[in-house]
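Have a look at the structure below, then the notes.
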Amino acid sequence: MIHLVQVALENEMDLTLAYKKSNKAAALIGLSISTQTAFATAVSEVCREIIDKTHEGSLSIEIQGSNDRHDLAAVITYLETEGVDNLREGLQHAKKLVPVFNHSIINSRGKIELKLNIPRSAKLSNEKMKAIKSYFELVEPNTPYEELRQRNTLLFQINEQSETALRQAEYLNEQKNEFLSVAGHELKTPLTILRAYTQMALRSECSPATLAHIKKVDTQALKLQTMILQLLDISRIEKGIADYNIELVDFNGYLNDMADLIRLLVPSHELLITMDESRMVNIDKLRIEQVFMNIVGNAAKYSPSGEQIMLDTRFLDNGDLLISVRDQGIGMSEEDLHKVFEKFYRVQDITTLFNGLGMGLFICSKIITDHGGKIWVESIKGQGSTFFFTLPAPVEFS
Ligand code: ADP
């Protein structure tokens, strides 16, 4: 006989342990899953009765027999105090689950034995039995307290590992921001110089062909410059140092001044601007210009040439200014409506068709929320999109 494990039967936690141990023993021996479950259920049915109605209960799981015939056995002993009958009902179910069920009482000491034959297919050699025994001795906890302690240690280790991973991620994030910031600044200076020269060359006298080439260089340099400024913005936002130069501005005057610039951005589209009455707003002019450029630029980028782009402004009843930019382009699905404002998010099926880095709308939403406004998009895939943002009414001081 090889004794595998002993469990004192005193409370609910012991019951859980009894189930798990008997299930594990059957599994390690190589019995089928249904036999494992039947054995473990029978053992726990008996153990429940013993814990509820008797004293000094104890479970021993053993491999009995020798050489060519082995049984897996659960031997439960207890101190009988209230008569055999009170247990009878509870043991009926267990009896049906295992082939051998013996119950005896001698001098108030009860003994219940549940057994099942281990088939030859399980190949239960001496080495295998030793390995199972040492598994229970070394790996499996022998008391509920021990099990809790092992779980606590495991949780502690997992916690330590996730904290280390978090610290590493934070460190890498800081490094990435630092890189973005340094690379952005390093790239910004030569590009600014490059554009200064292309602008000068564009004003100089040269052949139309040369002029066309320089214009192309300038357009590409402008695109690069915009991306670099976006990279720098992201790194500022991440560091929490996005700063604003807020001033009180007459909105229609501001928009009229900007209209030519915006039109330059979308030469192949028809931009229609409708403005509500003019009122004062508190804004950082350059930052809000950046929002207009990005949203109108996107409206052109994501819709066919020649289509209209409608830019409307309207003051709401609460005094907030609502701005909308509508296009008749590719639109987007409902699940993308919120995601497009996330950092580096780009709608999956367009990435190969349109250039971009997915930074613009993230920066726009940061600028608008920092102004106290809201930004959102309504869209139907294939039918166009309308981007909305609000700017709050200026606070009046009396
Ligand atoms: P980028 O355009 O550089 O990819 P943005 O942050 O400006 O980055 O936009 C994020 C994504 O939102 C875009 O990649 C595109 O999938 C989607 N998007 C933005 N504007 C529009 C629009 N007007 N119509 C359809 N999709 C748009």
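Read left to right, the sequence shown gives residues 522 to 919 (my numbering). Note that the Cβ used here is the ideal one computed from N, Cα and C, for glycine as well.
Per DSSP, the beta bridge partners of residue 768 are 804. When secondary structure is reduced to three states using DSSP, residue 831 falls in the strand class.
Relative to the ligand ADP, residue 717 has its C-beta separated by 6 Å or more from all heavy atoms. For the ligand ADP, no non-hydrogen atom lies closer than 6 Å to the CB of residue 778. Not a single heavy atom of the ligand ADP lies less than 6 Å from the C-beta of residue 787. Short of 8 Å from the beta carbon of residue 557, and not among the five residues preceding or following it, lie these beta carbons of its own chain, in chain order: 544, 547, 548.
Per DSSP, the beta bridge partners of residue 598 are 579, 632. Residue 777 carries a helical assignment under DSSP once its states are collapsed to helix, strand and coil. Within 10 angstroms of the beta-carbon of residue 536 lie 16 or more other beta-carbons, which makes it buried.
Here the alpha carbon of residue 727 sits roughly 22 Å from the alpha carbon of residue 713.
Taking 7 Å as the cut-off, the Cβ atoms of residue 709 and residue 749 count as close. Closest in C-alpha terms to residue 902, from the list 895, 858, 829, comes 858. A Cβ-Cβ distance of about 5 Å is found for the pair residue 636 and residue 594, placing them in contact under the 8 Å criterion.
Taken atom to atom, the span from the alpha-carbon of residue 885 to that of residue 669 is near 51 Å. Of all alpha-carbon atoms in 683, 811, 621, 653, the one lying nearest the alpha-carbon of residue 559 is that of 621. Taking all protein chains in view, the Cβ of residue 672 is surrounded by fewer than 16 other Cβ atoms within 10 Å, so the residue is classified as exposed.
Going by C-alpha positions, residue 603 is about 36 Å away from residue 654. In this structure, residue 893 has its CB at a distance of at least 6 Å from all heavy atoms of the ligand ADP. In this structure, residue 554 has its CB at a distance of at least 6 Å from all heavy atoms of the ligand ADP. For residue 775, the Cβ stays outside the 6 Å cut-off from all heavy atoms of the ligand ADP. DSSP places residue 559 in the uninterrupted alpha helix (DSSP H) bounded by 554-574. Within the model, the alpha-carbon separation for residue 623 versus residue 677 is close to 44 Å. Apart from the 5 residues on each side of it in sequence, residue 563 sits with its Cβ closer than 6 Å to the Cβ of 615, 618, 619, 635 in its chain, given in chain order.
For residue 858, the secondary structure class from DSSP, reduced to helix, strand or coil, is helix.
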